[in-house]
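Those sequence lines, one after another, are chains A and B.
With the first sequence counted from 1, adding 3 to any position gets you the working numbering.
With the second sequence counted from 1, adding 986 to any position gets you the working numbering.
The beta carbon of each residue, even a glycine, is placed where N, CA and C say it ideally should be.
Let me begin by presenting the structure, written as structure tokens, before commenting on it.
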Amino acid sequence: KSKEAEIKRINKELANIRSKFKGDKALDGYSKKKYVCKLLFIFLLGHDIDFGHMEAVNLLSSNRYTEKQIGYLFISVLVNSNSELIRLINNAIKNDLASRNPTFMGLALHCIANVGSREMAEAFAGEVPKILVAGDTMDSVKQSAALCLLRLYRTSPDLVPMGDWTSRVVHLLNDQHLGVVTAATSLITTLAQKNPEEFKTSVSLAVSRLSRIVTSASTDLQDYTYYFVPAPWLSVKLLRLLQCYPPPDPAVRGRLTECLETILNKAQEPPKSKKVQHSNAKNAVLFEAISLIIHHDSEPNLLVRACNQLGQFLQHRETNLRYLALESMCTLASSEFSHEAVKTHIDTVINALKTERDVSVRQRAVDLLYAMCDRSNAQQIVAEMLSYLETADYSIREEIVLKVAILAEKYAVDYAWYVDTILNLIRIAGDYVSEEVWYRVIQIVINRDDVQGYAAKTVFEALQAPACHENLVKVGGYILGEFGNLIAGDPRSSPLVQFNLLHSKFHLCSVPTRALLLSTYIKFVNLFPEVKTTIQDVLRSDSQLKNADVELQQRAVEYLRLSTVASTDILATVLEEMPPFPERESSILAKLKKKKGPSTVTDLEDTKRERSVDVNGGPEPAPASTSAAVGPLPAFAFPNNPCISAGGFEFVCKNNGVLFENQLLQIGLKSEFRQNLGRMFIFYGNKTSTQFLNFTPTLISLHARASLCLFLTKPVDPTVDGGAQVQQVVNIECVSDFTEAPVLNIQFRYGGTFQNVSVQLPITLNKFFQPTEMSSQDFFQRWKQLSNPQQEVQNIFKAKHPMDTEITKAKIIGFGSALLEEVDPNPANFVGAGIIHTKTTQIGCLLRLEPNLQAQMYRLTLRTSKETVSQRLCELLSQQF
Amino acid sequence: GVLEGPGTECAIRFILIQNRAGKTRLAKWYMQFDDDEKQKLIEEVHAVVTVRDAKHTNFVEFRNFKIIYRRYAGLYFCICVDVNDNNLAYLEAIHNFVEVLNEYFHNVCELDLVFNFYKVYTVVDEMFLAGEIRETSQTKVLKQLLMLQSLE
């Protein structure tokens, strides 16, 4: 009722305003403003307005602030960009920009920033930068001009070319007025993302500004101190700007590290106020600092401190902080420096999963558990996720199912555990188990013959439940159809029992599942001749042969006919066990990425892999293993400075060659290894005719524990003449087994530019191999001794090179192990043996490589006394074929 | 979705002030939306924010973005930003904005926002522009607002 009254009242008012605008008497500015303002009010109440635009545009040329302001507001709220009034509006804006009246300039700039149309960009993209950098522009106008320009750049970057003004914009970071710095920092951040080279001087300016803010006393910044926190928003913006760049060069880096340490220290000080505003503002800066630390991913000390700080927040009474700590720790978990530190919080995170009231917090806990999962804690994490799944909110069940399925597969040491986990998933949350998940379990069971019997037994038992999920019937049908014979010896699961069990579910299932079961039945005809007639009777029944569904009917007819006419041999060929599936990216992982966006599911390996793709930028697929990635170097590369190189796998089986080359520099290597010691000669060649100055190579060892020690025998001369080559010797000692290769970083000046090159030194674990000859009998005896599941690592992969026996032999010898002839009963296979020497231990290693020419695939099996060694050697050698 | 598209990356996508019944008291858009889409966003935001209680966080995932919100008496102040934007910085930006409104309107209430809507837009433009934080000093903002008021 009141709604009707409102509409009536409004229509009356609209009629009144319309008559005023159409009237003979010209309205004065005040009345015009009053009626335009009423129209706006009516519009904001939710009613359509189809007139008054012209009157609003007229107000723009008024000399009174209030009239102008209402005119601009009407246009910002109501005028769409393709209006024919745009020329009139632009004209008025132009006049105001030229007026030298800061209030009018501000209104005009705000209007451009609010509308931000392409027409406005065409008209003002030239003018706004001038206003921004002009010496006599008022501070408040500068603030508006900076953000107005930002809006135009976002709308039409092509209309905002970089120019003389850019360097002056960078210097606004030094401006006395912190409001100007605040606005300019946003502008610079956006511009720097697209034009990093042009804005790289902003890094040192931002660091000094930040340093002045974080070291100031809580009252120094007066207007810009918010609840005792100096300029929190500006600090956040500066820290975000720095995230556009890699870690700065040493001098600036030192100052930045001090700033970050100060911020971390302040978090430990007692609060200056009990107000939540104080802690929020302080923590806003802290979280942004942690983001920067994670982005740089190069200071182990800061990463671990960040992790400890977040660990404290995990138990904080503020829900916001617990949520943000979980979220932030998720990214910390993917840094190799802090992964272990994050893992120590596993119990707190599991507790959060059980007790948090806000579903979004629980969701973050799931994300973090997923991110911190590795071989050491996978069983615990998967168990906790499964038990959470029983009561989880419907909105996030599917995602948890995918995560559990991925973790179970990725960290399965024991494939029986994997099968149990997936069947549990189907039991607990069958409706949320997508096709990808049950397809995957079948792919894996088919590819791994050691788990097939267990899988058959387990699905058979699971199918005993009176009510089981249709997805279980699918998995069960498929697996029994392939491997039911493996359990048929037991009278409790004889062929007939298996068949009756599956068929008891048949009528409850949907058409696609029934179709699958019919295929299982025909497979049974081949596997178990004794149930052939029973199955033929079923296929022959009217409900099958005359089924209304065409697909089911066709299957029944064809399978029945096949079972009748085909000889045992033909049946055995047609219904042969499925061949192994080609190894590829898990379809579930692809699904999770699709669901969540790729950035949210990257784990440690993925992140690194993406980095190495980024830095190479070429069409070549990145190597699948972690070791070729560039480690903690940021993905950021300057267009003119393509400097980060991922050391490839080409040195795994050889010791000499060219490691790196660009237009300026060539790096060559020669190395020799004996037992746990090695020596590497590094040759730096200056390919240009100009001197390199300040030439400084440094070694960055990435090992938390010093598992690999490197010594540079003497520093090289900081000047490298054009065309000259200098040499450096590195002594190497392997203390214990390791995965990450060290990084060689080289900095120098060439002409006016600073160059920075980082390459991985190809020092891999297999370099410390000592070949061992042994007889066939010895080999298999040791092979059996190393039968613990943790000791064996296997990889099935596609051949990347032609499968040539002689080359393969040469590679195995180059890899460092002995090549044992006439050991394997199958002469096509290769076996090898050797000992990895480290300072602390010696690790015996056996390997076996089985080529499958037909499928163009290999199966590589490594057995050693140490899990990490098996893992690493398998990774390294898999890349060679 | 509509919240994507070229040339649209900016920190704040929109600012909304709504009362508990879902009536909009301020809507400031920093991206192009058509009217239907605006109405849909307003309703969705109201739906996700009002079901939450004081024990919940002040952040909600929203389409491909997130809403940072804070409730003051019967009013919800909501800012929609990118998922990787700094939650606490925007949470306090809301409070800073509310303190300015409170000072400027001398104990602001819902009706102030209704009847002085054109002044509220001015306050917003002083503190946020082009989807970015423009000015954070309450003293500076209030000084400028008083100067503008003297021109009326």
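Would you say residue i lies against chain A (beta-carbon separation less than 8 Å)?
i: B:K1041; result: yes
i: B:H1032; result: no
i: B:F1051; result: no
i: B:N1073; result: yes
i: B:F1063; result: no
i: B:I1119; result: yes
i: B:Q1130; result: yes
i: B:L1137; result: yes
i: B:T1036; result: no
i: B:V1134; result: Before going further, note that residue 1134 of chain B is Leu rather than Val in the sequence given. With 8 Å as the cut-off, B:L1134 counts as an interface residue toward chain A.
i: B:K1126; result: yes
If you measure from the beta carbon of residue i to each beta carbon in chain B, is any gap under 8 Å?
i: A:S276; result: no
i: A:T204; result: no
i: A:P854; result: no
i: A:A631; result: Reliability of the predicted coordinates at A:A631 is poor, the pLDDT of 27 falling under 50, and the value obtained from them is presented with this limitation in mind. No - not a single Cβ of chain B is within 8 Å of the one on A:A631.
i: A:N93; result: no
i: A:Y248; result: no
i: A:T235; result: At residue 235 of chain A the sequence reads Pro, which differs from the Thr that was named. Closer than 8 Å to some Cβ of chain B, the Cβ of A:P235 qualifies, so yes.
i: A:Q312; result: no
i: A:T185; result: yes
i: A:I703; result: no
So residue i and residue j are in contact, right, with Cβ under 8 Å, and what is the actual spacing, rounded?
i: A:Q728; j: A:F686; result: 6 Å
i: A:I3; j: A:V732; result: Chain A is shown from 4 up to 884; residue 3 of chain A falls before or after that span and cannot be answered.
i: A:G817; j: A:C656; result: 3 Å
i: A:V206; j: A:V255; result: 6 Å
i: A:G484; j: A:A465; result: The Cβ separation is near 16 Å, so there is no contact.
i: A:L244; j: A:T192; result: 5 Å
i: A:G837; j: A:A821; result: 6 Å
Quick one: what does DSSP say residue i is sitting in, helix, strand or coil?
i: A:Y156; result: helix
i: A:I52; result: coil
i: A:E664; result: strand
i: A:R851; result: strand
i: A:P830; result: coil
i: B:R1049; result: coil
i: B:Y1062; result: strand
i: A:V528; result: helix
i: A:K690; result: coil
i: B:D1068; result: strand
i: A:Y753; result: strand
i: A:A415; result: coil
i: A:R21; result: helix
i: A:D609; result: Any answer about A:D609 is weak, because its pLDDT of 44 lies below 50 and its placement is not dependable; what the coordinates show is given next. In the structure shown, A:D609 sits in a helix (DSSP, three-state: H, G or I).
i: A:C877; result: helix
i: A:T867; result: strand
Can you check whether the C-beta of residue i is within less than 8 Å of a C-beta belonging to chain C?
i: B:V1046; result: The question asks about chain C, but that chain is absent: this structure's protein chains are A and B.
Inset, instruction - Could you say if the segment 330-348 of chain A and the segment 270-280 of chain A meet the contact criterion of at least three C-beta pairs nearer than 8 Å? - result: Touching, no, given that fewer than three Cβ pairs across the two stretches are closer than 8 Å.
Inset, instruction - Give, in chain order, every residue of the segment 352-379 of chain A whose Cβ lies closer than 8 Å to some Cβ of chain B. - result: R360, D361, S363 and V364
Legend entry - Chain-ordered residues of the segment 319-345 of chain A with a beta carbon less than 7 Å from chain B: T322, N323, Y326 and L327
Legend entry - Within 7 Å of chain B by C-beta, residues of the segment 148-175 of chain A in sequence order: So the list reads L150, C151, L153, R154, R157 and T158, given in the order they occur along the chain.
Legend entry - Inter-stretch contact at 8 Å, needing at least 3 Cβ pairs: the segment 152-164 of chain A / the segment 1128-1137 of chain B: no
Legend entry - Chain-ordered residues of the segment 1102-1115 of chain B with a beta carbon less than 8 Å from chain A: F1103, Y1104, Y1107, T1108, D1111 and L1115
Inset, instruction - Answer yes if the segment 104-115 of chain A comes into contact with the segment 124-143 of chain A, meaning at least three C-beta pairs across the two stretches below 8 Å, and no otherwise. - result: yes
Legend entry - Contacting positions in the segment 1077-1100 of chain B - beta carbon closer than 8 Å to chain A: L1077, E1078, A1079, H1081 and N1082
Inset, instruction - Check whether the segment 864-873 of chain A touches the segment 787-799 of chain A, taking contact to mean three or more Cβ pairs, one atom from each stretch, closer than 8 Å. - result: yes
Inset, instruction - Using a Cβ-Cβ cut-off of less than 7 Å, list which residues of the segment 408-432 of chain A approach chain B; keep chain order. - result: If the cut-off is 7 Å between Cβ atoms, the segment 408-432 of chain A has nothing near chain B.
Inset, instruction - Indicate whether the contact test is met: 3 or more Cβ pairs, each with one atom in the segment 677-697 of chain A and one in the segment 736-755 of chain A, closer than 8 Å. - result: Judged by Cβ distances under 8 Å, the segment 677-697 of chain A makes contact with the segment 736-755 of chain A, as three or more pairs qualify.
Inset, instruction - Could you say if the segment 222-231 of chain A and the segment 264-271 of chain A meet the contact criterion of at least three C-beta pairs nearer than 8 Å? - result: no
Legend entry - Validate contact between the segment 556-571 of chain A and the segment 406-421 of chain A using beta carbons, cut 8 Å, 3 pairs: Taking 8 Å as the limit for Cβ pairs, the verdict is that the segment 406-421 of chain A does not touch the segment 556-571 of chain A.
Inset, instruction - Give a yes or no on contact between the segment 1079-1086 of chain B and the segment 1042-1062 of chain B, applying the rule of three or more CB pairs nearer than 8 Å. - result: yes
Legend entry - Residues of the segment 46-69 of chain A with Cβ closer than 7 Å to any Cβ of chain B, in chain order: For the segment 46-69 of chain A, the residues whose beta carbon sits under 7 Å from a beta carbon of chain B are, in order, L47, Y68 and T69.
Legend entry - chain B contacts from the segment 275-306 of chain A (Cβ-Cβ distance under 7 Å): Those residues of the segment 275-306 of chain A that come within reach of chain B (Cβ to Cβ, closer than 7 Å) are Q280, N283, A284, N286, A287, F290 and E291.
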